[in-house]
Structure formats: C-alpha cells, structure tokens
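Numbering (this note's numbering), first residue to last: 181 to 627.
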C-alpha cells in the first residue's frame with residue numbers, strides 16, 4: 181500500500197502523478213525520425229553508469245565486484261538518484277532524445293509502458309543482444325511489459341511483488357475463524373464481524389477521503405481478476421465487470437463496518453501498533469517491513485494467499501515490478517547489457533541483492549535457494565517466502581499501466597471516495613469515471 185511503502189516499490193503516488201504529468205506529457209521532441217538511438221554505439225568495454233535509488237542502488241553495488249572480476253575492461257558506477265528524483269531525470273532525458281542519460285536505467289512498471297509508448301526509440305533493443313533467451317526465466321506475467329510495439333524486449337525484470345494477505349493469527353483463533361476457510365473476500369466479509377466482536381479490530385485501513393490516492397487495494401482486487409484500468413491494447417477498462425466487482429467488495433467491507441479510515445502512513449502504523457487491524461493485504465516487501473516495524477507482535481502474524489476477489493476466482497496477483505533497461509544513446513550498449521544480464525539472470529547475484537535490499541527477485545531459479553523455504557520467527561515459524569513463490573507459480577496476468585496511469589488513478593480514487601463517503605453505487609461511478617478517462621486520454625472504452 182502506498183502509505184507504508186518499502187522505498188523500492190510504492191513511490192509516493194502524488195509524486196508519480198506530477199512526474200508523469202511533467203514528463204510523459206512532453207512530446208518526444210528529441211527522438212524524431214532518426215530514432216533517439218542514433219547517438220548510441222555497441223561498445224563492449226569501458227566505464228558504464230547505472231541509475232537506481234536507495235536500497236536498490238545499494239543492492240546493485242554489491243554485484244559490481246564479481247561482475248568486474250568476470251568482465252575485465254568494464255567499470256561500473258552505480259548512482260543513487262533518490263526517489264522520486266530519478267523519474268524526472270529519466271523522463272526529461274528520454275524527452276530530449278536521450279541526452280545525459282546513464283547507460284543502465286532502473287525503471288518501475290508504472291513508468292516502463294509509458295516510456296515505450298511515448299519514446300519508442302529511447303530504450304535499446306535488447307532482443308538483438310540476446311535478451312529473448314531469458315524470456316521464460318522470469319515469473320509469468322512480466323515479459324509482456326518489456327516488449328515494445330516493435331516486438332523486441334527493452335528491459336529485463338528484476339523485482340517482482342506478488343500479493344499476499346497478512347493476518348493476525350491470534351485474532352482469527354480468538355474469533356474461531358479458520359484461515360483455511362477463507363478462500364475469497366466474500367468469506368472474509370462474512371468472518372469480519374466475528375473478528376471485530378472478539379478482538380475490537382477492523383479488517384483493514386483505507387484512506388476514505390482519498391487525500392493520498394490510496395487505490396492499491398482496489399487495484400489488487402482488479403489484478404486478482406486479471407484486470408486493470410486498461411487492457412493489453414490500452415483501452416479503458418475502468419468500468420469493466422472486474423472493476424465493478426472490486427469496488428463492490430470495498431463497499432461491502434465499508435458497509436459492514438470493517439474498514440478503518442487512515443490518512444497517511446502514520447495512522448496505519450498507529451492502528452497496526454495498537455492491534456486495531458486484523459489484516460494487511462500487501463505484497464512481498466511487507467514480510468520484513470512488518471517484522472521490523474512491529475517487533476512486539478512477533479509470532480502473532482501469518483500470511484496466506486490473497487483471497488479471490490470473486491468466489492472461485494484467481495488467488496495470485498503481481499502488484500508491481502521493476503526492471504533494468506539500457507539507454508539507446510549509450511555508447512556502450514553491449515557492456516551495459518552484459519551488466520544487466522549478469523545482475524538479473526544469475527541466482528547467486530540476484531539473491532545477494534535480495535539479502536541486502538529486500539528486493540524480491542523475478543528470476544524463478546532464485547527460488548531454489550533455501551532462504552525461500554526458511555521458517556520466519558516473526559510469523560510463528562511459517563515459511564512465508566514460500567507462500568509468495570507458490571503464488572507466482574500459479575501465474576499472474578500482466579498489468580498494462582500505460583502512460584496514463586496517474587490519470588486513471590485519480591479517477592479511481594474519486595470513484596472509491598464517492599462509494600466510501602457517500603454510499604454511491606460502484607457501477608454508476610465507475611461508468612462515469614471510465615468515460616471521463618477515455619475523453620481525457622483519447623483512448624477507446626473497452627466494449
């Protein structure tokens with residue numbers, strides 16, 4: 181959720197909105213007919229720079245010594261640009277035809293499709309350097325994101341965040357609710373009042389007035405159904421049946437008194453600290469986040485596969501992911517590609533980064549490491565990471581964020597707020613939102 185993000189994944193949503201508005205709205209002035217890559221070259225040695233941020237940059241630095249040892253002649257400089265500064269820098273660089281960009285760029289799933297759409301010449305074609313041989317190496321659902329209109333790959337997946345449902349095992353026990361009986365949100369909505377009566381805790385927290393554009397949970401409920409604001413063709417699906425089902429779950433939770441109002445990270449942390457929330461629908465990064473922030477609750481939490489949004493529906497979703505790409509204007513595209521391939525396709529390197537930065541790897545071979553089956557004391561000895569691997573094994577649908585994600589999020593936030601504060605009908609508010617989104621973006625409404 182955006183309000184208690186591990187720094188790698190959930191950027192402040194408003195920053196994202198301003199960055200996209202500032203940057204992705206620009207026409208690609210510098211990448212005209214010749215293609216922004218005109219200035220690039222396939223150099224295979226020399227110095228390369230890498231742009232990343234915070235813990236991810238630190239993690240990447242850990243790969244450099246072994247990479248330089250195995251690739252004499254290439255020197256790597258990893259720069260931490262900070263978050264969200266990196267988005268403005270990459271966006272402005274791409275908009276000016278690739279001027280001043282690093283050789284290797286770390287890019288989130290909420291930006292990559294927009295970059296490929298708006299700057300088709302901006303990121304190097306990695307297929308011609310051999311990227312396609314790794315197509316099946318990563319968690320299912322990620323590869324479509326790296327493929328441009330030219331059918332070539334323009335990035336490799338690094339971090340993936342599968343969704344889980346963290347829950348207070350002690351509360352479920354006290355209320356006589358068997359976690360194994362919870363297979364859909366319907367089941368959880370039915371159990372919620374029992375849990376609240378026994379423990380005083382509500383199920384989850386949402387920012388009801390929408391001051392924080394807190395729609396992660398709404399998105400998760402769509403993603404569990406293989407849907408999002410846009411379909412694979414980029415048509416608007418904000419009024420689709422899965423979207424209505426998702427907002428209906430939120431309305432039913434709220435109507436049943438199972439949602440706490442949270443305004444920002446502080447409130448959420450306080451409520452969890454006071455034991456006022458029984459569950460947290462969150463991705464894999466939350467494993468260490470909860471353990472680190474609430475040590476006093478050790479042994480009380482567990483994690484399960486996220487309940488299906490609709491009875492009998494899918495129980496896996498990839499909430500977000502990050503990628504490494506090569507700038508088309510890099511003078512050393514081969515050297516840059518060699519670094520990406522080394523960092524992201526070798527289990528030893530990817531797991532070293534996982535240890536140092538908590539970046540849950542997209543590389544399937546990484547999961548053979550014993551750490552993915554290790555019992556975790558905070559979760560009562562449960563093999564928590566294994567449950568996320570299992571979730572990825574069942575395959576998740578790709579999410580198309582497009583270049584209009586921040587706009588879609590704003591309309592979704594407004595629709596959710598009308599439902600939470602005014603009791604509005606989900607289908608009605610989403611139909612209006614989808615029409616406005618289509619009008620604003622010039623996109624077609626899906627049938």
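Yeah, the Cβ is synthetic: ideal placement off N, Cα and C, and Gly gets one too.
{"query": "Whole-angstrom distance between residue 434 and residue 233, CA atom to CA atom", "result": "37 Å"}
{"query": "Distance between residue 572 and residue 258 (C-alpha atoms, nearest Å)", "result": "30 Å"}
{"query": "DSSP bridge partner residues for residue 226 (one or two, in chain order)", "result": "254"}
{"query": "The alpha helix (DSSP H) enclosing residue 535, as first and last residue numbers", "result": "527–537"}
{"query": "C-alpha gap between residue 506 and residue 517, whole angstroms", "result": "7 Å"}
{"query": "Bridge partners - residue 498, DSSP secondary structure assignment", "result": "342"}
{"query": "Buried versus exposed, by CB contacts within 10 Å (16 or more), residue 303", "result": "buried"}
{"query": "Euclidean distance between Cα positions of residue 607 and residue 400", "result": "18 Å"}
{"query": "Alpha-carbon to alpha-carbon, residue 374 and residue 198", "result": "Model confidence at residue 198 stands at a pLDDT of 40, short of 50, so the residue's coordinates are unreliable; what they give is reported in the following sentence. The alpha-carbon atoms of residue 198 and residue 374 are separated by roughly 42 Å."}
{"query": "Nearest candidate by alpha-carbon position, reference residue 456, set 351, 565, 357", "result": "351"}
{"query": "Rounded Cβ spacing between residue 579 and residue 408 (contact assumed at less than 8 Å)", "result": "5 Å"}
{"query": "Opening and closing residue of the beta strand (DSSP E) in which residue 286 lies", "result": "284–288"}
{"query": "Range covered by the alpha helix (DSSP H) that runs through residue 463", "result": "Taken as a continuous stretch (DSSP letters only), residue 463 belongs to no alpha helix (DSSP H), being part of the beta strand (DSSP E) at 459–463."}
{"query": "DSSP bridge partner residues for residue 503 (one or two, in chain order)", "result": "287, 337"}
{"query": "The stretch 217–229 / the stretch 279–288 touching (three or more Cβ pairs under 8 Å)", "result": "yes"}
{"query": "C-alpha gap between residue 626 and residue 494, whole angstroms", "result": "22 Å"}
{"query": "Residue 613 versus residue 593: straight-line alpha-carbon distance, rounded", "result": "10 Å"}
{"query": "Cα-Cα separation, residue 587 to residue 290", "result": "12 Å"}
{"query": "Buried versus exposed call for residue 512 [16 or more other C-beta atoms within 10 Å across all chains shown]", "result": "buried"}
{"query": "Nonlocal neighbours in the same chain, by C-beta distance under 7 Å from residue 366, ignoring five residues either side", "result": "491"}
{"query": "CB of residue 489 within 7 Å of CB of residue 576, strictly", "result": "no"}
{"query": "Rounded Cβ spacing between residue 347 and residue 443 (contact assumed at less than 8 Å)", "result": "Between residue 443 and residue 347 the Cβ distance is about 23 Å, and since that is not below 8 Å, they are no contact."}
{"query": "DSSP-derived helix/strand/coil call for residue 397", "result": "helix"}
{"query": "Candidates 382, 451, 336, 310: closest to residue 520 by CA position", "result": "336"}
{"query": "Residue range of the unbroken alpha helix (DSSP H) whose run includes residue 599", "result": "585–602"}
{"query": "Given 8 Å, three or more beta-carbon pairs between the stretch 325–344 and the stretch 532–541", "result": "yes"}
{"query": "Beta-carbon spacing of residue 483, residue 357 below 7 Å", "result": "no"}
{"query": "Limits of the unbroken beta strand (DSSP E) element including residue 566", "result": "Looking at the DSSP string, residue 566 is not in any beta strand (DSSP E); the run it does join, the alpha helix (DSSP H), is 564–573."}
{"query": "Residue 616 - DSSP class collapsed to helix/strand/coil", "result": "helix"}
{"query": "Secondary structure of residue 259, DSSP reduced to three states", "result": "strand"}
{"query": "Neighbourhood of residue 362 by C-beta distance below 6 Å, restricted to the same chain and skipping five residues each side", "result": "368, 487"}
{"query": "Residue 482 - containing beta strand (DSSP E), residue span", "result": "481–484"}
{"query": "For residue 448, the residue or residues it bridges with in DSSP", "result": "Looking at the DSSP assignment, residue 448 forms no beta bridge with any residue, so it has no partner."}
{"query": "Closest residue to residue 383 among 415, 345, 307, 389 (Cα-Cα distance)", "result": "345"}
{"query": "Cβ neighbours of residue 364 in the same chain (closer than 6 Å, five flanking residues each side left out)", "result": "487, 488, 491"}
{"query": "Given residue 396 as reference, the closest of 378, 419, 423 once Cα atoms are compared", "result": "423"}
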